[in-house]
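Reading through the structure tokens given below for one structure.
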Amino acid sequence: MSTLLALVTSQEVEQALVRWLPEQRWFDGTGRALASAQVVRSHVFAAPAAPDGALGALVVVRARDVVGADAGSYLLVVGACQAQRRPGGEVIARQGGGVVYDALQDPLLIQCLLQLMADGQGRDGAVFSSEPPGFATPEKPMPVRALGAEQSNTSVTIGDQFILKIFRRVSPAPSPDLVVHRMLVDQDSAHVPPLLGAAWDEASGGTYATVQEFLPKAQDGWAAALASVRRVLAPADARPAQDFAARARGLGGALASVHGDLARAAGQQQLEARHYRQLSQLFLRRLTAAVDGAPQLAPYAGRLHEQFSAVARLAPSAHRSAQLSHGDLHLGQTLHTSEGWILLDFEGEPLADHTERSRHHSPLRDVAAMLRSFDYAAHHELTGTVDCVQALGRAREWVELSRRAFLDGYGAHRGEYTSGDQELLRAYELDKAVYEVLYETRHRPSWAWIPLRAIEQSIGVSV
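Using the numbering used here, the first residue of the sequence shown is number 47, and each one after it goes up by one.
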């Protein structure tokens, strides 16, 4: 065991990580070359069961780029074995008579990690917790499968029972995802999956992993919306555009229920005049930065500036407050089951720092984010459509009906919207669309027209 552990933390492995880390989807530094990758912590969670067995470890790696800037700290789940043994995952490094590999593909080591959480054991400076004491684990290792949707973390299914989420960016504090999920479980929320276990660093409390119940029969919300849009856009299909409306109404009710549970669990803060001024200034700063990075926003900047400036003049309202919320809500963060909607991943915006992701915001920010997601779902399906005019009309009708149903479902639980609510919601939507234009310009230029069209429709400026 000592030989394999020395291999995991060796200089040769660190050198290999300099090349390996930037190739990973969750690495927060696209295009950045690394100068160093230092193993700063390692927690052994599985010792070799036989002389030719594998060692499993949680490893924290601190990266620096070629100009010496901090490129972040990342959590790896690695295995190490003798060279003659077939590694249980993608090879990271070979050194002498040993191999270090990505253990998230190794059913045996993942079984060991799962069992530690079920037993609620501490191990080598890491805490493994069973959220409901002693959840049942399978007697034999089950197949593991990586899910490819996430950008900043990694989730794998374990058989058809569990989903293990690895928090790649290491923070010296509990992840908002774990904190908020626990709150909702304590509130007996029906709109989050059962939380089974967690792992974190004993010294800092930083979250390493969670285990939830896997819902194999649930349908991803994004996939459900796209399927509905395809049916609506099909030339020979007479299906009405309200095909998704009932589900959208249920989703609005689910979000309102979650917001209510979080308000009871973590409290609310009354939004005062100074908060609206601060929010207005934030919107304006983001607009300036976005126009610099996406010049096609320039023709809309004047009207957008007016909209965001108006937020500073909103009058405080007794029913308008800030609270914990989702923070990065879209259809891909939802699941639809036979019993209703499930919300996932309460981690907040991936690129925001821990303090910002834990801050209270108006719940209308989540509402606006979901409205933007409906717009994306409809227009995503227009690519390659022959009859663009007719298809665009159908897509717009689908969006409007879905929006209306979602807002009705949300309002039925949270109360009627005032004119101030509508103005604030519109500002959040526009801010989200501005961010989307900048993101698409940088990463998917052919998609930038989707949020640009939404901005044009909202503010009435045509270019």
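Yeah, the Cβ is synthetic: ideal placement off N, Cα and C, and Gly gets one too. In this text, all values refer to a predicted model and were calculated from it rather than measured experimentally.
For residue i, the three-state DSSP class (helix, strand or coil)
i	result
Tyr463	coil
Gly455	helix
Lys211	strand
Val435	helix
Leu122	strand
Val113	coil
Glu483	Checking the displayed sequence, the identity of residue 483 turns out to be Val instead of Glu. Three-state result, Val483: helix.
Glu446	helix
Leu157	Correcting the residue identity first, residue 157 is Gln in this sequence and not Leu. Here Gln157 sits in helix by DSSP.
Nearest-angstrom Cα separation, counted from residue j out to residue i
i	j	result
Gly99	Gly142	17 Å
Gln167	Phe452	43 Å
His400	Gly251	13 Å
Asp307	Ala300	11 Å
Arg323	Tyr346	22 Å
Leu224	Thr253	8 Å
Arg445	Val106	Strictly speaking, residue 445 in this sequence is Val, with Arg absent from that position. Roughly 44 Å separates the two Cα atoms.
Arg359	Gly439	35 Å
Glu443	Ile505	19 Å
Ala364	Tyr463	13 Å
Phe174	Arg320	43 Å
Arg488	Leu498	14 Å
Leu122	Leu428	39 Å
Val216	Gln288	43 Å
Ala414	His459	17 Å
Thr334	Ile501	15 Å
Glu69	Pro396	18 Å
Tyr422	Ser274	13 Å
Gly180	Gln258	14 Å
Ala336	Gly75	19 Å
Arg332	His372	20 Å
Ala280	Ala437	9 Å
His89	Glu185	24 Å
Span of the alpha helix (DSSP H), counted from its first residue to its last, around residue i
i	result
Tyr346	Unbroken run through Tyr346: none, as it is neither H nor E.
Ala270	Gly267 to Leu279
Val225	Pro222 to Asp232
Gly135	First-last for Gly135: undefined, no H or E at that position.
Gly339	Ala319 to Gly339
Gly296	Ala291 to Ala312
Gln57	Gln57 to Trp66
Ala52	Ser48 to Val54
Glu259	Where Glu259 is concerned, there is no enclosing alpha helix (DSSP H), although the beta strand (DSSP E) it sits in stretches over Thr253 to Glu259.
Trp72	From DSSP, Trp72 is part of no alpha helix (DSSP H); its letter is neither H nor E.
Exposure of residue i, with buried meaning 16 or more beta-carbon neighbours within 10 Å
i	result
Gln353	buried
Thr183	buried
His227	buried
Leu476	buried
Val435	exposed
Pro178	exposed
Thr49	exposed
Gly348	exposed
Gly114	exposed
Start-to-end residues for the beta strand (DSSP E) that takes in residue i
i	result
His382	Thr380 to Thr383
Glu427	Counting along the chain, Glu427 falls outside any beta strand (DSSP E), and DSSP gives it neither H nor E.
His89	Leu80 to Ala92
Under 9 Å between C-beta atoms of residue i and residue j
i	j	result
Phe392	Leu230	yes
Leu210	Thr256	yes
Asp152	Gly102	yes
Ala473	Ile388	no
Glu222	Arg411	Checking the displayed sequence, the identity of residue 222 turns out to be Pro instead of Glu. Cβ distance not < 9 Å, so Pro222 and Arg411 don't count as in contact.
Pro203	Phe260	With the sequence shown as reference, residue 203 is identified as Thr, and Pro is not the correct amino acid for it. Going by C-beta atoms, Thr203 is nearer than 9 Å to Phe260.
Ala139	Arg110	no
Val112	Val85	no
Arg366	Gln316	yes
Ser384	Phe420	no
Gln233	Gln314	no
His376	Trp268	yes
Leu159	Ala244	no
Ala302	Gly457	yes
Leu330	His305	no
Arg214	Trp66	no
Leu297	Met416	yes
Check: residue i C-beta below 8 Å from any heavy atom of the ligand NAP
i	result
His365	Ligands are entirely absent from the displayed structure, and the ligand NAP is therefore not among its contents.
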